[in-house]
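Beneath this line is the structure, given in C-alpha cells, with notes to follow.
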Amino acid sequence: MQSTFAERIPPWPRFDTTDEEGLRDVLHSRRWWRGNGVAGDEFEAAFAAQLGVRHVRVVANGTLALELALDALGVEPGDEVIVPACTFISTASAVLRIGAWPVPVDVERTTLNIDPQAVEAAITSRTKCIIPVHMAGHAVNMPALLEIARRHRLVILEDAAHCHGARAFGAALGALGEASIFSFQAGKLLTCGEGGAVATNNAAIAERTFALHSCGRPKGDTDYVHLMPATNMRLTEFQSAILRCQLARLPEQCAQREKSAPFFEERLRDAGLEPLSREPYVDIHGRYMVMAWFDPSEFGGRDAGEISAELRKLGIPAYRCFPEIHRSGMFASDILHKPLRSNRSAPAYDRINTPVAGQAAREVIWFHHSLLLGDEELLADIAAAVGDLRQPMARAPTVARAIA
C-alpha cells in the first residue's frame with residue numbers, strides 16, 4: 071500500500087527543461103553570485119509584478135527573511151511582537167533572534183489564522199509589530215488587523231510563507247502590510263530548495279533590506295562601503311534562476327489545486343474529518359496544506375501525531391498540526407535569554423492560554439499540497455484510507471465540536 075500511494079502521488083518539486091536551461095545559463099555565464107549576476111534582479115522584478123508591490127528582496131531562506139524584515143521595520147530589542155500560537159517556530163524564533171519578545175495569541179478555530187480579538191487584547195505599551203500568518207494559504211482577516219494596527223500605531227509584517235499565488239480583498243497576499251515575507255523551501259508552493267524573500271512598497275525599507283542582506287553594503291557598491299552592522303543572506307544566482315522558472319508555472323498549479331481541493335475536502339468529511347473553512351473574502355486560496363479537524367474518540371483515542379504517522383506508513387504525506395509555539399523547549403527559561411540583547415523582562419509564557427491552538431496540536435492533521443495535483447481517484451483513495459482508521463461505530467456524519 072505504501073509504495074502504491076507513493077508512486078501515485080505527483081512528485082514535488084516539479085521541473086522541466088526550462089529549469090534546466092535556466093541553470094545552464096547561469097552556469098555558463100560564470101555569474102553565480104548576487105553581486106555580478108542578473109537572475110536575482112530578474113526574479114525580484116517578476117515576483118514584485120505578480121504581487122503588485124514595488125520591491126522584493128530575495129534571501130537565503132524564509133527564517134532569515136523574517137529577521138531581515140523585522141530589523142528593516144525598526145523592531146528593536148525589548149519590543150513585543152504579536153504572533154499566532156499556531157505556526158511554524160520561525161515566526162517566533164526570528165523575533166527572539168533580533169532581541170524582541172514574541173507574544174503568542176490564539177487563533178480562529180475555522181481557519182487557524184490569528185484571532186483579531188486576541189491580538190487587540192494582547193497589545194501593551196511595548197507592542198511594536200503584528201505578524202499574521204496566512205495559515206495553509208488562507209488569508210487572515212487583514213482589514214480587521216490593519217484597523218487595529220492603525221489605532222495603536224503598529225506595523226504589520228505578513229508571514230506569507232504558505233500563500234504564493236493567493237489573493238484576498240482584491241490583492242495578493244503579501245501586499246497588504248507594511249512588508250511581507252515568503253519562503254521558498256523545498257515543500258513550498260514556489261521553491262528553489264531553500265530561499266526566502268521580503269516584499270514591500272516602502273523604498274526606504276527595500277533599501278535597508280539590501281544592505282542588511284549583503285554585509286551592510288548598498289546595491290552596486292565596489293568600494294567596501296558598509297552602512298550598518300549586517301550579515302550575508304544573499305541567494306545564489308542558481309536559486310534565483312530556478313525561482314524564475316517556477317514562478318511561470320505557479321498560476322496553473324494554483325488553479326489545479328483550487329479545483330481539486332473541494333473534492334478532496336468533501337471526501338475527508340465522508341471519512342469523519344472537518345476541513346477548515348474558506349471565508350467569503352478569499353479570492354484564491356494558496357492551498358499549501360489541506361488541514362482538517364478530527365475527533366480522537368472516533369479514531370481509537372489517537373492524537374494527530376499518531377494518526378498522521380499511520381498515514382505516512384501508507385505513503386501519504388500527512389502531518390500533525392504545529393504545537394503551540396510557547397510550549398516548545400525554545401521558551402525554557404534557561405535557554406530563552408541567551409540570544410537576547412534586552413534587559414526587559416519576558417512575557418509570562420507559562421501563563422499564556424491559547425486553547426484553540428492547543429487543541430489543534432492534538433486534533434488537526436494536514437496533507438501536503440502535492441496531493442492536489444493528482445486526480446480525483448487518488449484523492450478519493452487517500453480519504454478512504456483516512457476513513458479506514460476510524461472506529462466502525464463512529465462512521466456516521468460528524469458535526470463541529472465545541473472547544474474542549
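Numbering (the working numbering), first residue to last: 71 to 474.
A virtual CB, placed ideally from N, CA and C, is assigned to each residue, including glycine.
Reduced DSSP category for residue i - H, G, I as helix; E, B as strand; rest coil
| i | result |
| --- | --- |
| Met359 | strand |
| Arg33 | In the structure as shown, the chain begins at 71 and stops at 474. Residue 33 is therefore absent and cannot be evaluated. |
| Cys156 | coil |
| Trp102 | coil |
| Gly240 | coil |
| Phe59 | With the chain running from 71 to 474 in the structure shown, residue 59 is simply not present. |
| Gly263 | strand |
| Thr87 | helix |
| Ala300 | coil |
| Ile251 | strand |
| Ala269 | strand |
| Asp291 | coil |
| Asp353 | strand |
| Pro345 | strand |
| Glu146 | coil |
| Ala311 | helix |
| Phe364 | coil |
| Asp95 | helix |
| Pro80 | coil |
| Val108 | coil |
| Lys258 | coil |
| Ala324 | For the record, residue 324 in the displayed sequence is Cys; it is not Ala. In this structure, Cys324 counts as helix in the three-state DSSP scheme. |
| Gln120 | helix |
Burial state of residue i (16 or more Cβ within 10 Å)
| i | result |
| --- | --- |
| Ile303 | The residue asked about is misnamed: residue 303 is Met in this sequence, not Ile. Result: buried. |
| Arg223 | exposed |
| Cys84 | Looking at the sequence itself, residue 84 is Arg, so the reference to Cys does not match. Arg84 should be labelled exposed. |
| Ser310 | buried |
| Arg220 | exposed |
| Trp363 | buried |
| His232 | buried |
| Glu137 | buried |
| Tyr351 | exposed |
| Gln429 | buried |
| Pro186 | buried |
| Pro288 | exposed |
| Ala453 | buried |
| Pro234 | Correcting the residue type first, residue 234 is His in the shown sequence and not Pro. Counting Cβ neighbours within 10 Å, His234 comes out buried, since at least 16 surround it. |
| Asp25 | Lying before the first or after the last residue shown, residue 25 is absent from the chain, which here runs from 71 to 474. |
| Tyr294 | exposed |
Best match in the options for proximity to residue i [C-alpha to C-alpha]
| i | options | result |
| --- | --- | --- |
| Val128 | Thr306, Thr292 and Ile395 | Thr306 |
| Met205 | Gly356, Val426, Glu90 and Ser415 | Gly356 |
| Ser163 | Leu134, Glu146, Glu190 and Ala191 | Leu134 |
| Ala274 | Ala318, Ala142, Arg348 and Leu346 | Ala142 |
| Ser367 | Val295, Pro462 and Gly110 | Pro462 |
| Ser195 | Pro172, Glu150 and Val225 | Glu150 |
| Pro172 | Asn183, Ala379 and Ala155 | Ala155 |
| Phe75 | Asn423, Gly385 and Arg101 | Gly385 |
| Ser415 | Val96, Gly169, Ala245 and Asp95 | Gly169 |
| Leu282 | Thr292, Asp291, Gly290 and Leu297 | Leu297 |
| Arg432 | Asp373, Pro81 and Asp404 | Asp373 |
| Pro393 | Val426, Arg421, Gly371 and Lys289 | Val426 |
| Val360 | Ser440, Gly428, Pro81 and Ser284 | Ser440 |
| Gly399 | Ala300, Ile159, Asp176 and Ile200 | Ile159 |
| Arg78 | Gly457, Val456 and Gly444 | Gly444 |
| Asn183 | Glu349, Gly342, Val96 and Arg460 | Glu349 |
| Arg167 | Gln120, Arg179, Gly148 and Val177 | Gly148 |
| Ile152 | Phe280, Glu277, Ile218 and Ala325 | Ile218 |
Inter-residue CB distance, residue i and residue j (contact presumed, cutoff 8 Å)
| i | j | result |
| --- | --- | --- |
| Glu228 | Leu243 | 7 Å |
| Leu320 | Leu260 | 6 Å |
| Ile435 | Ala388 | 5 Å |
| Leu442 | Ser330 | 4 Å |
| Ile312 | Gly92 | 6 Å |
| Gly105 | Gln255 | Actually they are not in contact, since the Cβ atoms of Gly105 and Gln255 sit about 24 Å apart, beyond 8 Å. |
| Glu446 | Phe308 | That pair is no contact at about 37 Å. |
| Arg390 | Gly371 | That belief does not hold up - the Cβ atoms of Arg390 and Gly371 are roughly 15 Å apart, past 8 Å. |
| Val189 | Val175 | 6 Å |
| Met212 | Phe239 | 6 Å |
Cβ of residue i within 8 Å of any chain B Cβ
| i | result |
| --- | --- |
| His439 | The structure shown has no chain B; it contains just one protein chain. |
Checklist entry - Can you list the beta strand (DSSP E) stretches of 3 or more residues lying completely in the stretch 378-404, in chain order? => result You should have 388-390.
Next on the checklist: Could you tell me which whole beta strand (DSSP E) segments of length 3 or greater appear in the stretch 152-231?
Outcome noted: You should have 171-175, 197-200 and 225-229.
Checklist entry - Of all the alpha helix (DSSP H) runs that stay within the bounds of the stretch 408-453, which reach a length of 4 or more residues? => result Counting only runs that start and end inside the stretch 408-453, the alpha helix (DSSP H) elements of at least 4 residues fall at 425-433.
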